[in-house]
Amino acid sequence: MSTHEELKANAAGYVLGSLDPEERRAFESHLAGCAECAQEVASLRPVVGALATAVPQVTPRAELRHRILSNAAAGRRTDSHIHDRKSPAALTWLALAAAIIIAVGASVYAVRLQRQMGELQARFDQAQATTAVLAAPDLARIDLQGQPVAPDARARALWSRSRGLVFTAANLPPAPAGKAYQVWVVTAQAPISAGLLTPDSSGVGTQYYMTPVDIAPPVAVAVTLEPSGGVSAPTGERYLVGMP
Amino acid sequence: MWLLAALARLQPAAEAQAEDESSLRRLAFGDQAAAASLYDRHARPLYSLILRILGNETEAEDVLQDVFAQAFRDASRYDARRGAVAAWLLTIARSRALDRLRARRTRVEARTGEMQMLDEMPDAQPDAASTMLDEERSRLVRQALGELPMLQRIAIELAYYEGLSHSEIAERLEQPLGTVKTRIRLGLLKLRDALTEGLA
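In order, the protein sequence lines correspond to chains A and B.
Taking numbering that gives the first Met the number 0, I'd label the letters of the first sequence as residues 0 to 243.
Taking numbering that gives the first Met the number 0, I'd label the letters of the second sequence as residues 0 to 199.
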C-alpha cells in the first residue's frame with residue numbers, strides 16, 4: 000500500500016499523462032478522496048497547459064483551412080489528406096494584399112522580437128535537440144574513459160544517426176589559454192569533428208552536435224585538446240576515448 | 000510578477016473563452032461560420048504544438064485536420080467546468096499527435112537503421128506577419144522553461160512532447176524512477192511559481 004507522500008509524488012506525472020497504467024489507476028483512486036492531491040493536480044493543470052504554447056509558433060498553410068472547413072461543412076469525417084503543395088501563386092490578389100498590409104505592420108515588431116528571440120532560441124534549440132536525441136528510437140550510448148593525461152575524466156556520448164549527438168563530460172581539467180577541447184566521432188575512414196566542448200569551472204560540459212546522417216558507423220568517440228577554434232583533424236593529446 | 004502580468008495582458012481570457020463557447024454552441028446547431036471562427040482563433044497554436052511533437056508538416060496537417068473534425072463533432076459535449084476551450088483543443092491535439100508519434104515509433108523500431116527522421120524535420124519558418132500574441136505568449140513560457148535546471152526540463156519535455164512514461168524516461172536518463180518523478184514534480188512546481196508569481 001502506497002503512502003500519501005508516495006502517491007502525491009505522482010500528481011505531476013498524472014497531469015502530464017506520463018504515469019504507467021497501474022500507477023495512474025492507483026493515483027486516481029487516491030485522488031478521489033484526497034483534497035491535498037486534488038489541489039496539487041488543479042494547480043498543475045494550467046502549468047501543463049502552458050507547455051502546449053511553449054513551442055515555436057507556425058501558421059499552417061492557407062489551403063489547409065479551406066480543406067478543414069469544407070470537410071466540416073460537408074459534415075463528413077476528414078480522412079482524405081492533403082499532400083499536394085500549392086505555390087504562393089495560388090493566393091488570390093485579395094489575400095495577397097491583406098498579407099502585405101499585415102506584414103508591414105508586423106515588421107517593426109518583428110525586428111525587435113527577432114533580437115530578443117536570438118539568444119533564447121539558441122538555448123531552446125539546444126535543449127530541444129537534446130530531448131530529441133534522448134527520445135530517438137535508434138539511440139546508442141558510448142562511454143568514454145579518461146586517458147593518462149586526465150585519468151579522472153569521464154564522458155558519455157548519446158548518439159542517434161537520425162538526430163545527432165549529445166555529449167556530456169565531467170572532471171575535465173580547465174583548458175589552458177589558447178586551447179580548447181574538441182569532440183571527435185571516429186569512423187573506420189577518418190575522425191570527424193563533432194565540434195568544440197567548453198566545460199564549466201567544475202569540469203562539466205554538455206553539448207549537442209549535429210552529425211551527418213550518412214556518417215560511417217563510429218568505431219570510437221574521442222576528445223582531444225586542440226588550438227582554440229578547433230582543427231580539421233586531431234593533432235593534440237587525447238583526454239577521453241570510448242568505443243561502442 | 001512580470002510573467003503573469005505579461006500573460007494576462009496578452010490574453011483577454013474571459014473574452015476569448017466567451018467567444019469560443021459561443022462558437023461551440025453555434026456549431027452544435029450546425030452554424031458553419033462558427034467553425035471558421037474557431038479555426039481562425041486556434042489553428043496556429045494547435046498546429047504549432049502538433050508540429051513540435053511530430054516534426055513533420057504533412058503529418059501535422061493530417062493531425063490538425065483530425066483535431067478539428069473531432070472538435071466540430073464533439074462541440075456539444077464540451078464542458079466549460081473542465082477548462083477553457085483553448086485548453087480542451089490543445090489537449091485533443093497533444094493526444095492525437097502523441098498517438099501518431101507512438102505509432103511511428105513502433106514502425107521505426109521495426110525498421111532499424113532508417114534515416115527518414117532527418118527528412119522529416121520541419122522547414123517551416125514562423126510567420127512574423129501572423130498572430131503576434133501567440134508568439135509573445137509562447138516566448139514567455141519558453142523563457143520560464145529555459146530557466147529550469149536542464150535535467151528537470153529534459154524530463155518534462157520527454158514526458159510532454161515525446162509522450163514517454165516515467166519509467167521510459169528513467170531508462171533513457173539512466174536514473175532511478177523516484178529521481179525522475181521528483182525532477183518532474185520540482186520542475187512543474189517551479190514553472191507554476193514562475194507563471195503565477197505575484198498572484199498572492
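We put the beta carbon where it would ideally sit given N, CA and C, even for glycine.
According to the neighbour-count rule (16 or more other Cβ atoms, all chains shown, within 10 Å of its Cβ), is P39 (chain B) buried or exposed?
-> Taking the second sequence and counting its residues from 1, the one referred to as residue 39 (chain B) is at position 40. Here residue 39 (chain B) is Asp; the residue named in the question, Pro, does not match the sequence. Result: exposed.
Which residues in chain A sit within 8 angstroms of Q174 (chain B), going by Cβ to Cβ distance?
-> Here residue 174 (chain B) refers to the residue found at position 175 when the second sequence is read from its first residue. Here the premise fails: no neighbours, minimum Cβ distance about 12 angstroms.
If we cut at 8 angstroms on Cβ distances, does E20 (chain B) have a partner in chain A?
-> Mapped onto the second sequence, residue 20 (chain B) falls at position 21. It does not; no Cβ of chain A falls within 8 angstroms.
Beta strand (DSSP E) containing L164 (chain A): first to last residue?
-> Mapped onto the first sequence, residue 164 (chain A) falls at position 165. Element bounds for L164 (chain A): 163-169.
R66 (chain A) at chain B interface by Cβ criterion, 8 angstroms = Locating residue 66 (chain A) in the first sequence gives position 67, where the first residue counts as 1. It does; some Cβ of chain B falls within 8 angstroms.
Run of the beta strand (DSSP E) containing R155 (chain A), from where it starts to where it stops | Position 156 of the first sequence, counted from the first residue, corresponds to residue 155 (chain A). Residues 153-159.
Per DSSP, E225 (chain A) is paired with what?
-> Reading the first sequence from its first residue, position 226 is the one you call residue 225 (chain A). Per DSSP, A:A179.
With burial defined as no fewer than 16 other Cβ atoms inside 10 Å of the residue's Cβ, what is the status of P190 (chain A): buried or exposed?
-> The residue given as residue 190 (chain A) occupies position 191 in the first sequence. Its Cβ being crowded by 16 or more others within 10 Å, P190 (chain A) is buried.
What's the call for Q151 (chain B), buried or exposed, on a 16-neighbour Cβ count within 10 Å?
-> In the second sequence, the residue the question calls residue 151 (chain B) occupies position 152. Buried is the call here.
Counting contacts by CB-CB distance shorter than 8 angstroms, is L18 (chain A) in contact with chain B?
-> In the first sequence, the residue the question calls residue 18 (chain A) occupies position 19. Chain B, which has a Cβ nearer than 8 angstroms to the Cβ of L18 (chain A), makes this yes.
In its own chain, which residues sit with a C-beta less than 6 angstroms from the C-beta of G16 (chain A), not counting the 5 before and 5 after it?
-> Here residue 16 (chain A) corresponds to residue number 17 of the first sequence, with the count starting at 1. Counting only Cβ-Cβ distances below 6 angstroms, and skipping sequence neighbours, we find nothing.
Rounded C-alpha distance that separates D199 (chain A) from T2 (chain A) | In the first sequence, residue 199 (chain A) corresponds to position 200, counting from 1. In the first sequence, residue 2 (chain A) corresponds to position 3, counting from 1. Cα to Cα, D199 (chain A) sits roughly 40 angstroms from T2 (chain A).
Establish whether the CB of S75 (chain B) and some CB of chain A are separated by less than 8 angstroms.
-> On the second sequence, position 76 is the one that residue 75 (chain B) refers to. It does not: the Cβ of S75 (chain B) has no partner Cβ on chain A nearer than 8 angstroms.
With 8 angstroms as the limit, tell me which residues of the stretch 29-53 of chain A have their beta carbon closer than that to any beta carbon of chain B; keep them in chain order.
-> S42, L43, R44, P45, V46, V47, G48, A49, L50, A51, T52, A53
Would you decide whether Q127 (chain A) is buried or exposed? Buried here means 16 or more other CB atoms lie within 10 Å of its CB.
-> Against the first sequence, residue 127 (chain A) aligns to sequence position 128. Buried: at least 16 other Cβ atoms inside 10 Å.
Contacts of A42 (chain B) in chain A (Cβ-Cβ under 9 angstroms) | As a working mapping, residue 42 (chain B) is identified with position 43 in the second sequence. Within chain A, the residues near A42 (chain B) are T58, P59, L63, R64, I67.
Please state whether DSSP places I214 (chain A) in a helix, a strand or coil.
-> Indexing the first sequence from 1 puts residue 214 (chain A) at position 215. Coil.
Straight-line gap, Y208 (chain A) to A139 (chain A) (C-alpha atoms, nearest Å) = Residue 208 (chain A) sits at position 209 when you count from the first residue of the first sequence. Residue 139 (chain A) sits at position 140 when you count from the first residue of the first sequence. So the two alpha carbons sit approximately 15 angstroms from each other.
Would you mind sorting V131 (chain A) into buried or exposed? The rule is 16 or more other CB atoms within 10 Å of its CB.
-> Looking up residue 131 (chain A) in the first sequence gives position 132. Looking at the sequence itself, residue 131 (chain A) is Ala, so the reference to Val does not match. Buried, since its Cβ has 16 or more Cβ neighbours within 10 Å.
Beta-carbon gap between R230 (chain A) and L194 (chain B) smaller than 8 angstroms | For the purposes of this step, residue 230 (chain A) is taken as residue 231 along the first sequence, with counting starting at 1. For the purposes of this step, residue 194 (chain B) is taken as residue 195 along the second sequence, with counting starting at 1. Arg is not the amino acid found at residue 230 (chain A); the sequence shown has Val there. In this structure, L194 (chain B) does not lie closer than 8 angstroms to V230 (chain A) by Cβ.
Leaving out five residues on either side along the sequence, give the residues of the same chain with a beta carbon under 8 angstroms from the beta carbon of P211 (chain A).
-> Residue numbering aside, residue 211 (chain A) sits at position 212 when the first sequence is read from its first letter. Around P211 (chain A): I191.
Sheet register partners of G241 (chain A) (DSSP bridge) | The residue labelled residue 241 (chain A) in the question sits at position 242 within the first sequence. According to DSSP, which records beta bridges pairwise, G241 (chain A) is partnered with A:V220.
Within chain B, partners of L15 (chain A) - CB distance below 8 angstroms | Residue mapping note: residue 15 (chain A) aligns to position 16 of the first sequence, counting from 1. Within chain B, the residues near L15 (chain A) are I155, A158, Y159, I183, L187.
Interfacial residues, the stretch 128-162 of chain A to chain B, with Cβ spacing under 7 angstroms = T129, T130, L133, A134, P136, D137, R160, S161, R162
Please name the residue or residues paired with R140 (chain A) in a DSSP beta bridge.
-> Position 141 of the first sequence, counted from the start, is the residue given in the question as residue 140 (chain A). Paired residues: A:L157.
Interface residues of chain A around L50 (chain B) at Cβ under 8 angstroms?
-> For the purposes of this step, residue 50 (chain B) is taken as the residue at position 51 of the second sequence. Within chain A, the residues near L50 (chain B) are V54, V57.
Can you check DSSP and say which residues form a bridge with Q206 (chain A)?
-> Start at 1 with the first residue of the first sequence, and residue 206 (chain A) comes out as number 207. DSSP output for Q206 (chain A) lists A:F166 as bridge partner(s).
Short Cβ contact (8 angstroms threshold) for P59 (chain A) with E134 (chain B) = For the purposes of this step, residue 59 (chain A) is taken as the residue at position 60 of the first sequence. For the purposes of this step, residue 134 (chain B) is taken as the residue at position 135 of the second sequence. Their beta carbons are not under 8 angstroms apart, which means P59 (chain A) does not touch E134 (chain B) by this criterion.
Are any of the Cβ atoms in chain B nearer than 8 angstroms to that of N170 (chain A)?
-> Here residue 170 (chain A) refers to the residue found at position 171 when the first sequence is read from its first residue. Not closer than 8 angstroms to any Cβ of chain B, the Cβ of N170 (chain A) fails to qualify, so no.
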